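For the sequence shown, the working numbering assigns the number 32 to the initial residue and increments by one for each residue that follows.
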Amino acid sequence: MTKTMKNIDSFGHLRGESLFVDDIITKQNTYIGLAFDSPCAHGKIVNIDYTKAEKVEGVAKIFTYKDIVGVNQIGGIIPDEPLWAEDEVHFAGQPIAFIVAKNEIIAKKARALIHIEFKNLPVITTAKEAKSKGSFINEPRSFVLGDTNNSFANCEYVFEGETFTNGQEHLYLETQGCYAYPMENGNIKIISSTQGPTQVQKAAAKVLDLPMHKIEVDVTRLGGGFGGKEDQATAWAIMAAVAVQHLKKPVKYILNRHDDLRMTGKRHPYQSSFKIGLDKDLKIKAFEAEFLQNSGAAADLSPAIAERTLFHATNCYFVPNVKTTVYSCKTNLPPNTAFRGFGGPQGMFVIESAIAKAANVLGINKRLIQKANLISENDTFSYGQVATKTEAINSWNSAETNFDLVHIENEVNDFNKKNDRYKKGMAVMPIAFGISFTNTPMNHARALVHIYQDGSVGISTAAVEMGQSVNTKMLQIASETLGIDPEKVKIETTNTTRVANTSPSAASSTADLNGKAVLKACQSLDKRLVTVAAKMYHVNEYKISFRSNFVFIDDEKTKHLWQDVVAQAMLERVALSENAHYATPKIHFDKTKEKGHPFAYHVYGTSITTVTLDCLQGTYEIDAVKIVHDFGKSMNMGVDVGQVEGALVQGIGWMTMEEIAYDETGKLLSDALSTYKIPDIFSVPKTVEIIALETKGDEMAVYRSKAVGEPPLMYGIGTYFAIQNAIQCFNNKSNLTFHSPYTPEKVLMDLYKKEA
Ligand code: LUZ
Ligand code: MOS
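Have a look at this one:
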């Protein structure tokens, strides 16, 4: 396999030729759509007056829930979310109407002329308040292993505490958007910037009251998703589709950045509490946590995200007695949604905080507790899955030796002895992340492979390219399996007519699921062509192979090309297309018992983060992040290292500087890039070093190349604790706070905090 292959989009991206939704050449007289959203976070709509807006020259129509032919409902897991508000609004930014006009200027002018009156209702913005008022999305869930009560009674040390992690804006470079147009016989085609084309198709069919086959969804590629387009690309696509259904004209809607920031949900903020019990050898004997997830005003993916928080609540540690509970708290914020890690990072932050607290009180380094509790072979996770081929200890030890942890620690200590104003801090962050959709039925994919008679190949899968290079990986698999040059293979757009009933591209599983399907399809085709070639040469089939476009007999290259065999197959009327289905074997989960084997495998790794803190200003720099990561057998190191670097920086942003703020009325304050700061080139670590852990990989991963999308985000959590470690070196009386992001303001407060 050409393991050094560059992202196949790099050439097009560099030249600005790659097509995103907004680049698709639109039909003549395409209308532009624009949502009118609620300025009020919770209220009864007393009156809406559209008359002035409707009179603006160039406005085609203003759509409301009254124009919906089917049902006004887009909730995926729970039907609790209208496409357009009817008589009540539940968050500021909730769509109420959809203006369709000749152009954006006209649409904006009309939007400003809509007059709306509310009767305000009480607004809840925090999860704690929601819980105290009994405002929930669904029933809480609990995972239980062993008996925590009994165990705490026998623990040498027991510590309790509270934590907070804030939300995070996805900030995909390409904002949400879609382009929908009428086809013949009432069919509608939607081009959407979505991670889940089937999700868009299914929800549109429901709202428009059409059978799914009348709606075709096509995705070229996304300018980033990060989970923000797993569920939340749907609303805009359906708004445009409803307009197409009525007007029989093409309608495009690309959200501008302000509207996107205001109207879409983000990573869930969590308020949590923990109780941890250790024995005198620092073994964690018992762990309890209560997670309050700020779900926002509707379920969206919150229940699934809450579930993954429980799955990752003990990170990569073995804890024999566990009780974790999560509440999805209903508040008046935009429905929060999937974001790289999907509740896992929020869960892992809590146990890392618990360990930090224990270490602080015991006056020892946090890493001693971490290391003493790494999960090993045949230990059980709280949800019943037995850890096999675990790399937790292996990756820790590898990081410790490869990066000389003791030396790093000595350097930090030496520096701190010599400096008063500046202090260094360090933290180790081991991770374990389960690979598979936690909802077992979603773990499947298909690939449709056509070999054309000239020997070129076209492949359709359910995979959505969003910059993660999944198409490159699909192409590598096909060219490897068929024995042909990568240039012969084209990866088609993701389209619901070619590949139906798909799961979204998410859960780090896209390359595994779709890659396995591509592999299966290509293996079937290869087998057929081998049969044809064997006949051509009158030899046994096992002697035939295709390599670099040539037919080989045993290890001898023949004069025949692969396409010669394809041409012969055509004459013999052999099928040159294949549609393969892959469903992850062995996984299962019983929600009534909260036990099972939900993950195909786990990804492990360990990072070491060092920071330098300016104790006068509260500002800091990240000196280095050194990572040993479990790639399995990577099929494309350039791509995979890029994923680790990107995820790391995104995790650091979440932990340090990305501060989402709503005021008490539920209005988003961090509504622009001037008030919401993400890491730039000046705030990334000065050094990032990544070493691949030597492993055999996992046969459940395609080509044993383990999933890489989400796991490395959690290395970012190490930054929080490295900063905290530096603060402790300056003010060791300070009682620790676990309240991310650790912005310089908060760091400064903690530097000068008095004993509690
Ligand atoms: N999406 C989903 C996900 O529907 N289920 C999952 O388990 C998941 N995990 C990570 C990211 N997205
Ligand atoms: Mo995701 S959070 O894998 O869309």
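We put the CB at the ideal spot given by N, CA and C, even for glycine.
Since the structure is predicted, the reported quantities are computational estimates derived from the model, not experimental observations.
#### Entry: Which of helix, strand or coil DSSP assigns to Asn756
Helix at Asn756.
### Message
Three or more C-beta pairs under 8 Å: does that hold for the segment 556-563 against the segment 506-521?
### Response
yes
### Task
My understanding is that Gly89 touches Ile137, with C-beta atoms under 8 Å, so please give their C-beta distance in whole angstroms.
4 Å
### Task
Work out the CA separation of Phe380 and Val357 for me, nearest whole Å.
14 Å
### Message
Here's the rule: buried if 16 or more other CB atoms are within 10 angstroms of the residue's CB, otherwise exposed. What is Ala692?
### Response
Ala692 should be labelled exposed.
### Query
Below 8 Å, can you find three or more Cβ-Cβ pairs linking the segment 237-252 to the segment 83-98?
no
### Message
As a quick exercise: from Ile522, Ile466, Ser426 and Ala389, pick the residue whose alpha carbon is nearest that of Glu537.
### Response
The sequence as given places Ala at residue 537; Glu does not occur at that position. Ranking Ile522, Ile466, Ser426 and Ala389 by Cα distance to Ala537 puts Ile466 first.
### Extent of the continuous alpha helix (DSSP H) to which Glu553 belongs
Rather than Glu, the amino acid found at residue 553 in this sequence is Cys. For Cys553, the uninterrupted alpha helix (DSSP H) segment begins and ends at Thr541 to Tyr568.
#### Entry: contact_flag[the segment 214-223, the segment 327-337] where n(CB pairs < 8 Å) is 3 or more
Contact fails: fewer than three Cβ-Cβ distances are below 8 Å.
### Query
By Cβ distance below 6 Å, which residues in the same chain neighbour Pro126 in space, the five residues on each side in sequence not counted?
Ala66, Asp68 and Trp115
### Query
What is the DSSP secondary structure of Thr640, counted as helix, strand or coil?
strand
#### Entry: Beta bridge counterpart(s) of Thr492 as assigned by DSSP
Ala478
### Query
Is it the case that the Cβ atoms of Gly788 and Lys521 are separated by a distance below 8 Å?
As shown, the chain starts at 32 and ends at 787. That puts residue 788 outside it, with no answer to give.
#### Entry: As assigned by DSSP and simplified to three states, the class of Phe342
helix
### Task
From the DSSP output, in three-state form, read off Ser534 for me.
It is coil, neither helix nor strand.
### Task
Report back the beta-carbon spacing between Gln302 and Phe370 to the nearest angstrom; my notes put them in contact at under 8 Å.
Their Cβ separation, rounded to whole angstroms, is 17 Å, which puts Gln302 and Phe370 out of contact at 8 Å.
### Task
Let me know the beta strand (DSSP E) ranges lying completely inside the segment 201-268, each 3 residues or longer, listed in chain order.
208-213, 219-223 and 246-250
### Query
Per DSSP, what kind of secondary structure is Phe761 in: helix, strand or coil?
helix
#### Entry: Whole-Å CB distance - Gly636 paired with Val459, under 8 Å assumed
With a Cβ gap of about 11 Å, Gly636 and Val459 do not count as contacting.
### Query
Mind checking whether the beta-carbon of Leu544 lies closer than 7 Å to any heavy atom of the ligand LUZ?
no
### Message
At a threshold of 7 Å, does Met745 count as lining the ligand LUZ (C-beta to nearest heavy atom)?
### Response
no
### Query
Taking 7 Å as the cut-off, does the CB of Glu625 come closer than this to any heavy atom belonging to the ligand MOS?
No, the ligand MOS has no heavy atom inside 7 Å of this Cβ.
### Segment limits, beta strand (DSSP E) that includes His770
First-last for His770: undefined, no H or E at that position.
### Message
Our contact map puts Ala72 next to Asn363 with C-beta atoms below 8 Å; I'd like the distance itself, whole angstroms only.
### Response
Indeed they touch by this definition, with Cβ atoms about 4 Å apart.
### Task
Could you confirm whether any beta carbon from chain D is found closer than 8 Å to the beta carbon of Tyr693?
Of the protein chains in the structure, only one exists, and it is not chain D.
### Task
Label Ser608 either buried or exposed according to how many other C-beta atoms from any shown protein chain fall within 10 Å of its C-beta, with 16 as the threshold for buried.
That one is exposed.
### Query
Looking at the unbroken alpha helix (DSSP H) that takes in Asp312, where does it start and where does it end?
Taken as a continuous stretch (DSSP letters only), Asp312 belongs to no alpha helix (DSSP H), as it is neither H nor E.
### Minimum C-alpha distance to Pro788 - residue among Ala143, Phe713, Thr35 and Ala132
Any answer about residue 788 is impossible in this case: the structure gives the chain only from 32 up to 787.
### Query
Quick one: does the C-beta of Leu176 sit closer than 7 Å to a heavy atom of the ligand LUZ?
no
### Query
Who pairs with Met460 in a beta bridge, going by DSSP?
Ser638
#### Entry: Rounded separation between Ala211 and Ile269 - CA only
9 Å
### Task
Could you pull the start and end residues of the alpha helix (DSSP H) that Ile386 belongs to?
Gly375 to Leu393
### Task
Would you kindly check if the distance between the Cβ of Asp310 and the Cβ of Cys186 is under 8 Å?
yes
### Message
Just to confirm the assignment, what range does the beta strand (DSSP E) spanning Leu504 have?
### Response
Here residue 504 turns out to be Lys, not Leu, going by the sequence shown. For Lys504, no beta strand (DSSP E) segment is defined; the enclosing uninterrupted segment is the alpha helix (DSSP H) at Val501 to Leu513.
### Task
May I ask you to check if the CB of Ala143 is nearer than 7 Å to at least one heavy atom of the ligand MOS?
It does not: the Cβ of Ala143 is nowhere closer than 7 Å to a heavy atom of the ligand MOS.
### Task
Could you tell me whether the segment 715-728 touches the segment 657-664, where touching means 3 or more Cβ pairs closer than 8 Å?
yes
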